[in-house]
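Contents: one structure, followed by commentary.
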Amino acid sequence: MDWKLKKYRHSLSGKILVSIFIVSSIITLAAVMIEIAFDYHQDVSAIEQNLVLVKKSHLEGILTSLWHLDNDHLKIQLQGVLSLPGIRHVEVRDNMDRQIISLGVPVTRNILSVSYPLEYRTSVSNINLGKILVVATLDDVYQKIYVKIFLIFITQFLKTLIVTILIYFAIKKILIGPLLQTAQHVGNLDFRKEAQALVVQRNNKAMVEDELDVLVKSVNHMQQSLFQSYEELNSFNSQLEEKVKANTAVIIEQRGKLEYTTKMSALGEMAGGIAHEINTPLTVIQLSAEQLLENLRGDSDVPKAITVGALQRVVKTVTRISKIINGLRSFARDSKDDPMIPFSVFEIVEDTFSLCREKLSNNSIELKYVFEKDVRINCRPIELSQVLLNLLNNAYDAIQSNSEKWITVELKVADQMAYLSVIDCGSGIPEEIQEKIMQPFFTTKDVGKGTGLGLSISKGIVEAHGGKITIDKLSKNTKITISIPLATSSV
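Under the working numbering, the residue at position 172 of the sequence shown is numbered 179, and the numbers go up by one with no gaps.
In structure tokens form, the structure reads like this:
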């Protein structure tokens with residue numbers, strides 16, 4: 008089998024590459040988020056500690072400078088506060104909430120602020136000098152986080168990409184390559200001949216059997232099993248073909264015998280009429296011969312015309328008997344190997360009528376035919392005579408109980424087809440059996456009458472002539488029509 012491995016857009020190696028990259032990226036992202044959250048809380052905690060440090064380390068000096076109205080020293084103290092990481096603004100207000108001094112840049116967003124009261128302790132009491140407001144910003148924290156995120160993502164992305172590519176090539180070499188070799192081998196298998204075993208080129212120095220080795224062994228076992236099964240199937244098919252040929256020959260032989268039996272059965276049904284058809288002319292011959300013998304023995308001078316007339320009757324009658332006997336011989340002969348020849352439909356009908364006319368007449372059945380014109384058809388005349396005789400026999404059996412009995416054979420021509428119909432005085436074939444009547448061994452006759460094969464064989468004969476046999480469902484009487492193509496030379 009000529010099979011080529013196609014490269015698909017979504018290959019297994021590509022899917023593995025994407026999967027590794029996605030999983031690595033998710034893990035990296037989670038790790039980065041955890042690290043950033045930890046750093047953020049650490050940096051914020053450091054700023055909060057600086058705000059607390061203002062109270063612990065700087066508040067006492069600020070109170071002293073403010074009590075002594077030493078603005079220069081106060082300013083130095085506040086600059087010390089501003090120098091702490093994260094602190095951007097410091098402001099001192101008196102007890103009337105009036106600004107005394109303000110250093111740094113006021114900020115309003117991303118801030119942490121704290122306000123401490125400025126109470127100077129004396130030996131008598133605590134004097135409220137005002138308050139100090141310290142404002143720290145988180146902008147530096149965020150900026151640090153942004154830079155760190157960028158750097159981490161760049162480094163992690165490159166690391167993930169490199170690791171993914173390395174894993175991809177490793178998987179492609181270790182797994183995908185052998186799988187492609189296996190697929191190529193399986194795709195090229197031809198079960199009609201024994202193929203070579205699959206050998207996958209691998210760098211398996213450890214010589215330890217893994218899943219791919221199991222797969223290769225399974226493929227080789229499957230390949231061998233399929234080849235053996237194919238050989239067994241071929242052998243079985245050959246034996247089966249021989250049996251079919253033998254059985255077909257037997258069936259053909261049996262079918263020929265059945266057809267011949269059916270033909271003889273149809274002929275046998277008309278045997279009484281045929282015997283009478285021959286006996287009547289024999290009586291004429293006997294009477295004519297006795298008359299001639301008497302004339303020859305007597306002394307009277309018999310007119311020549313009487314003698315000639317008697318002899319003419321004998322000749323005519325012998326010719327009639329000869330025609331009947333020849334018709335019987337032809338009808339009884341196996342005609343399946345006869346060639347198709349152009350033949351007159353009228354002659355087929357006349358030859359068939361000669362076999363059954365007497366029987367029908369003796370049973371008060373009027374037999375007639377209506378022809379538009381005689382035509383020639385390509386046929387085996389004896390086979391079509393068999394079909395027509397079978398239809399006439401069926402009509403004869405069907406109308407026995409009718410008071411007025413008649414059968415008409417009608418020929419019409421249309422569209423290069425000859426339509427030969429057998430019509431009887433019956434009221435038609437019941438609808439429930441119309442579909443079954445052409446089936447083998449189906450019969451409506453009493454037990455012992457008919458084989459149930461007549462119409463089935465007739466259907467096969469007509470179809471072998473390129474025609475059809477149909478039941479006219481619209482006719483008020485029983486009407487079965489044979490349609491056969493006209494001979495090329497028929498006009």
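No residue lacks a Cβ here, since even glycine has one placed at the ideal position from N, Cα and C.
At the level of alpha carbons, what is the spacing between residue i and residue j?
| i | j | result |
| --- | --- | --- |
| Val142 | Val97 | 6 Å |
| Pro113 | Leu140 | 11 Å |
| Leu222 | Leu186 | 9 Å |
| Gly194 | Lys180 | 21 Å |
| Leu125 | Ser52 | 25 Å |
| Thr35 | Thr144 | 30 Å |
| Met424 | Lys366 | 31 Å |
| Ile29 | Gln203 | 41 Å |
| Lys200 | Val207 | 21 Å |
| Ala37 | Asp147 | 23 Å |
| Gln188 | Thr255 | 48 Å |
| Met445 | Pro437 | 13 Å |
| Leu158 | Val39 | 11 Å |
| Glu238 | Ala177 | 41 Å |
| Asp381 | Ile348 | 16 Å |
| Gln163 | His48 | 22 Å |
| Gln407 | Ile414 | 12 Å |
| Ala312 | Lys323 | 16 Å |
| Lys480 | Gly474 | 19 Å |
| Glu218 | Lys224 | 10 Å |
| Ile107 | Glu67 | 17 Å |
| Ser7 | Gln191 | Nothing can be reported for residue 7: it is not among the residues displayed for the chain, which extend from 8 to 498. |
| Leu24 | Ile43 | 28 Å |
| Thr501 | Ile33 | For residue 501 there is no data in the structure shown, the boundaries of the chain being 8 and 498. |
| Lys252 | Glu260 | 12 Å |
| Ser232 | Gln393 | 57 Å |
| Glu354 | Asn241 | 53 Å |
| Tyr15 | Phe160 | Unreliable positioning characterises Tyr15 in this predicted model, as indicated by a pLDDT of 45, which lies under 50. The coordinate reading is nonetheless provided below. Distance between the alpha carbons of Tyr15 and Phe160: 32 Å. |
| Thr257 | Glu470 | The sequence as given places Val at residue 257; Thr does not occur at that position. Approximately 22 Å, taken between the alpha carbons. |
| Met103 | Thr115 | 23 Å |
| Ile41 | Ser130 | 53 Å |
| Val454 | Val315 | Unreliable positioning characterises Val454 in this predicted model, as indicated by a pLDDT of 48, which lies under 50. The coordinate reading is nonetheless provided below. Approximately 53 Å between the Cα atoms of the pair. |
| Glu55 | Leu165 | 36 Å |
Residue i and residue j: beta carbons closer than 8 Å?
| i | j | result |
| --- | --- | --- |
| Leu119 | Leu70 | no |
| Val356 | Leu395 | yes |
| Ala405 | Thr485 | yes |
| Ile476 | Ser463 | no |
| Ile384 | Ile491 | yes |
| Val352 | Leu247 | no |
| Leu73 | Leu81 | yes |
| Asn401 | Gly461 | yes |
| Leu399 | Val429 | yes |
| Ile2 | Tyr127 | No answer is possible for residue 2: the residues shown for the chain start at 8 and end at 498. |
| Val154 | Ser31 | no |
| Gln86 | Leu60 | no |
| Glu373 | Ile468 | no |
| Phe360 | Pro388 | no |
| Val325 | Ser295 | no |
| Asn117 | Ile94 | no |
| Ser371 | Gly435 | no |
| Lys62 | Arg100 | no |
| Leu196 | Gln235 | no |
| His472 | Cys386 | yes |
| Asp79 | Ile152 | no |
Let's see if you can read the secondary structure: which residues bound the beta strand (DSSP E) around residue i?
| i | result |
| --- | --- |
| Ile183 | No beta strand (DSSP E) holds Ile183; DSSP gives it neither H nor E. |
| Ile444 | Neither: Ile444 is in no beta strand (DSSP E) and is coded neither H nor E. |
| Ile491 | 485-492 |
| Lys475 | 475-478 |
| Ser434 | First-last for Ser434: undefined, no H or E at that position. |
| Pro113 | No beta strand (DSSP E) contains Pro113, which DSSP labels as neither H nor E. |
| Tyr346 | The sequence shown places Pro at residue 346, rather than the Tyr named in the question. Careful: Pro346 lies outside any beta strand (DSSP E) and carries neither H nor E. |
From the DSSP output, which residues share a beta bridge with residue i?
| i | result |
| --- | --- |
| Ala143 | Ile94, Leu119 |
| Asn133 | Arg128 |
| Lys138 | Arg100, Pro124 |
Are there any heavy atoms of the ligand ATP lying less than 7 Å away from the beta-carbon of residue i, as far as the coordinates show?
| i | result |
| --- | --- |
| Leu145 | As for the ligand ATP, it is missing from this structure, which has no ligand bound. |
Over the uninterrupted alpha helix (DSSP H) stretch that includes residue i, give me the two end residues.
| i | result |
| --- | --- |
| Ser465 | 461-471 |
Start-end ranges of the alpha helix (DSSP H) lying completely within the region 64-108, minimum 4 residues: Entirely contained in the region 64-108, the alpha helix (DSSP H) runs reaching 4 residues are, in chain order, 66-74, 78-89.
Scan the region 354-431 and note each continuous beta strand (DSSP E) run of 3 residues or more that stays entirely inside, going in chain order. Qualifying beta strand (DSSP E) stretches, in chain order: 373-378, 383-386, 413-421, 424-431.
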